[in-house]
Amino acid sequence: MIGAAHKGAEVSITGLGTCVPDRVVTNGELAEHVDTSDEWIVARTGIRERRMATEEQALSDLALPAARAALDDAGLRGPDIDLLIVATVTPDMAFPSTAAILADRLGAVDAAAYDLSAGCTGFMYALAQAYGLLACGLAKRALVVGGDLLSRILDWSDRSTLVLFGDGAGAVVMEATQERGFLGFELGADGAGGEHLWLPGSGSRIFDDAERHVKMNGREVFKFATRVLVQSAQDVLAQCGVTIDDVDVYVPHQANVRIIDHATKKLGIPSEKVVINVDRYGNTSSGSIPLALKDAEADGRLQPGKLVLMTGMGAGLTWGSALLRWTKEA
Ligand SMILES: CC(C)(COP(=O)(O)OP(=O)(O)OC[C@H]1O[C@@H](n2cnc3c(N)ncnc32)[C@H](O)[C@@H]1OP(=O)(O)O)[C@@H](O)C(=O)NCCC(=O)NCCS
8 MIGAAHKGAE
18 VSITGLGTCV
28 PDRVVTNGEL
38 AEHVDTSDEW
48 IVARTGIRER
58 RMATEEQALS
68 DLALPAARAA
78 LDDAGLRGPD
88 IDLLIVATVT
98 PDMAFPSTAA
108 ILADRLGAVD
118 AAAYDLSAGC
128 TGFMYALAQA
138 YGLLACGLAK
148 RALVVGGDLL
158 SRILDWSDRS
168 TLVLFGDGAG
178 AVVMEATQER
188 GFLGFELGAD
198 GAGGEHLWLP
208 GSGSRIFDDA
218 ERHVKMNGRE
228 VFKFATRVLV
238 QSAQDVLAQC
248 GVTIDDVDVY
258 VPHQANVRII
268 DHATKKLGIP
278 SEKVVINVDR
288 YGNTSSGSIP
298 LALKDAEADG
308 RLQPGKLVLM
318 TGMGAGLTWG
328 SALLRWTKEA
């Protein structure tokens with residue numbers, strides 16, 4: 008799916024909030040569980056530490072503070088929201104949806120609320136859905152949350168996946184605005200590659216011996232990720248009639264610094280425009296892009312008028328890009 012955003016109302020991000028668990032887990036701590044080392048993890052992934060939830064915490068416990076912060080940032084309250092999407096693969100439970108739980112906690116009594124599953128690309132898919140519903144006037148104010156507790160589904164004896172992931176959540180408020188925010192989207196999926204990153208035993212398909220842990224073919228996912236990060240970004244830029252030189256802030260999915268470096272070089276974007284926080288958070292799946300947006304806002308790079316390119320990729324296999332003009336004051 009690809010399209011420039013020029014048919015309906017203009018839509019912008021008007022609020023941004025994030026939340027990560029307090030508990031920091033270093034590479035050294037993981038090396039007590041599996042045969043790995045800080046040197047290996049830093050050299051192959053760029054990750055130095057990640058956050059992990061306590062046993063008492065579920066996704067909604069991170070999503071709620073992130074959502075409240077985003078609403079505050081937008082100057083809104085829960086009842087103002089009429090669309091609430093939570094992008095995740097680790098909801099509190101299969102049902103009720105985490106979005107319905109959040110809507111209740113926030114008092115968003117008029118909101119349509121549902122969870123969306125598109126792996127680490129979930130936040131990008133959710134942005135595009137919210138954009139469509141706002142642009143056509145069906146929704147007025149949307150809250151889009153991206154977040155995961157991947158620590159819940161990791162195999163603590165598998166060094167090839169354990170070291171990569173972390174927990175975190177981010178939320179944005181989206182509204183129809185005078186100024187033009189979103190310029191276009193490109194989204195895709197390749198189910199044939201699904202077997203390279205999957206969670207057997209997590210649904211209605213019965214597997215013998217399924218332990219409900221992430222299984223991954225790291226090399227295949229690496230090849231896929233480097234390809235789609237570049238292609239999807241180039242496609243959305245071409246669709247919107249802009250070039251990579253016009254982009255002020257590049258926010259790629261935070262999976263591995265080597266994947267980001269590859270995309271940065273291929274796209275030809277200077278490193279000072281690239282947001283990287285995978286060193287501190289690891290791969291937080293749907294939380295990755297909103298957490299990176301928050302960092303870019305905090306370090307002063309996200310200013311009104313800046314052109315922002317975001318690209319995510321992940322299980323499915325899926326990918327997605329969005330191009331937007333940042334309109335919000337920090
Ligand atoms: C997982 C990943 C970091 C592995 O890096 P790599 O350079 O491809 O490493 P390889 O898979 O070739 O493995 C090299 C060796 O390191 C070993 N290894 C794997 N994980 C290790 C770890 N945590 N510590 C130490 N050694 C490890 C492998 O067993 C292998 O050993 P061998 O040569 O004796 O078989 C890399 O493939 C990757 O990032 N893939 C994408 C994963 C991803 O982003 N997934 C989420 C997408 S949303």
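Position in the sequence shown (from 1) plus 7 gives the number in our numbering. Glycine included, every Cβ here is placed at the ideal spot set by N, Cα and C.
Going by other Cβ atoms of all chains shown within 10 Å of its Cβ, with 16 needed for buried, is Phe130 buried or exposed?
-> buried
Local Cβ density within 10 Å of Arg308, reported as buried at 16 or more and exposed below that = buried
Just confirm the distance between the C-beta atoms of Trp333 and Val315, as a whole number of angstroms; I'd bet it's less than 8 Å.
-> The C-beta distance from Trp333 to Val315 rounds to 5 Å, short enough to meet the 8 Å contact threshold.
With which residues is Gly195 paired in a DSSP beta bridge?
-> Trp326
If you draw a straight line from the C-alpha of Ile267 to the C-alpha of His40, how long is it?
-> Take the alpha-carbon of Ile267 and the one of His40: they are about 28 Å apart.
Is Cys247 near ligand 1, judged by its Cβ being under 6 Å from some heavy atom?
-> The answer is no for Cys247.
On the three-state DSSP scale, how would you describe Glu218?
-> coil
Beta-carbon separation of Arg219 and Ser209 under 7 Å?
-> Yes; because the gap between Cβ atoms is below 7 Å, this pair is in contact.
So, Ala74 versus Leu157, is the Cβ gap smaller than 7 Å?
-> no
Residue nearest to Trp163 in terms of C-alpha spacing, selected from Glu36, Ala329, Val49 and Gly15 = Nearest of Glu36, Ala329, Val49 and Gly15 to Trp163, Cα basis: Glu36.
Could you say which of Ser167, Ala299, Leu244 and Ala76 lies nearest to Arg226 if we only look at CA atoms?
-> Ser167
Glu46 - containing beta strand (DSSP E), residue span | Note, Glu46: premise wrong, no beta strand (DSSP E); alpha helix (DSSP H) at Asp45 to Thr52.
If I'm right that Lys313 touches Gly177 with Cβ under 8 Å, what's the distance once you round it to whole angstroms?
-> Contact doesn't hold; Cβ gap of about 18 Å is too wide.
Alpha-carbon to alpha-carbon, Ala270 and Thr233 | 6 Å
Could you work out which residue in Asn290, Ala135 and Val32 is closest to Val93 when comparing CA atoms only?
-> The alpha carbon of Val93 has as its nearest neighbour, out of Asn290, Ala135 and Val32, the alpha carbon of Ala135.
Near ligand 1: Thr43 beta-carbon under 6 Å from a heavy atom | yes
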